Amino acid sequence: MTKTLLATALLVALGVAHADNAASPEQATGKGADKVARGLLLQHQDRLIFSPCRDRSYTNVDDASAGGEVTAALRQFGLGDGKPLYIEVFGAAESGLLRIDGLNMAKRDARCYAPRRSTGEWRAGAGNAWALTLFEGGATLQRSGQDDLAGSYEETLSTPTQAEIRITGASTVNVRLNRRSCRDNSTGDERLYAWHAEVTTATGKLEGCAWRQ
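In mature numbering (1 follows the signal peptide of the UniProt record, and there is no 0), the protein residues as written are -19 to -1, 1 to 194.
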């Protein structure tokens, strides 16, 4: 579905649906308030409308982030009237609203993809150059033209704005994450993330973006 048709469909749904059809908390936030809400976001005049992936419902959005920083970042990234984005945000559904307090990632390609299980663990990377996956206590670092590095990991620092992770295996890898906007357009599909990543290995430093799974 094109973005124009998608925007029209959402606006039609908003105009004709009864308030009882608004997304329930479970539909809007996935498995709970501590999980990532994934779906399509549309701006219509001064309203934000969210439609969860794999669901035909919708809900209005209230940006509860500090200073409305999530909405500001999304508008700078390309959100506008009739220009929906695919987003992943942290928040909770309350009284028929999706109240968001943090951004995980956003894409201009307004399509939902295959669902995945939320774990709260990190992923990081820079296009096809490198990718780091943390999953169930294990870590894998893939780099173009080099052997993969794998091992166990420990999150040694975790604050609302910083995280540090130590990966131990055949080689030690240190990961530093800083909460600041990070864009990646290396594959031609520009994405916006809330975290910047620095990965230090025995052979050098890698830089890219990070997000929660």
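Glycine included, C-beta positions come from ideal geometry on N, C-alpha and C. Remember, it's a predicted structure, so these values are computed and weren't measured experimentally.
Residue pairing by DSSP places asparagine 166 in no beta bridge whatsoever. Within 10 angstroms of the beta-carbon of asparagine 85 lie 16 or more other beta-carbons, which makes it buried.
For the beta strand (DSSP E) assignment, the uninterrupted runs of no fewer than 3 residues enclosed by the region 17 to 46 are, from N- to C-terminal side, 17 to 25, 28 to 33 and 40 to 44. With fewer than 16 other beta carbons inside 10 angstroms of its own, glutamine 143 counts as exposed.
Pairing isoleucine 146 with threonine 137 gives a Cβ-Cβ distance under 8 angstroms. Annotated as proximal: aspartate 44 and valine 51, with beta-carbon spacing under 8 angstroms.
Straight across, the Cα-Cα distance linking cysteine 190 with arginine 19 is about 18 angstroms.
With fewer than 16 neighbouring CB atoms inside 10 Å of its own CB, arginine 161 falls in the exposed class. Rounded to whole angstroms, the Cβ separation of serine 133 and alanine 120 is 7 angstroms, and the two are in contact under 8 angstroms. Beyond the five residues adjoining it in sequence on each side, tryptophan 111 comes within less than 6 angstroms, by CB distance, of Arg124 and Leu187 in the same chain, given in chain order. Cβ-Cβ distances below 7 angstroms link aspartate 82 to Ala45, Ser46, Phe71 and Gly72 in the same chain, with the five nearest sequence neighbours on each side left out; the list follows chain order. Under the DSSP assignment, glutamate 50 falls outside any beta strand (DSSP E), being part of the alpha helix (DSSP H) whose first and last residues are 50 to 58. The beta strand (DSSP E) runs of length 3 or more contained entirely in the region 81 to 133 are, from start to end of the chain, 103 to 107, 111 to 116 and 119 to 124. In this structure, serine 99 keeps its C-beta atom at 8 angstroms or more from the C-beta atom of valine 42. Between the alpha carbons of alanine 107 and serine 167 lies a distance of about 7 angstroms.
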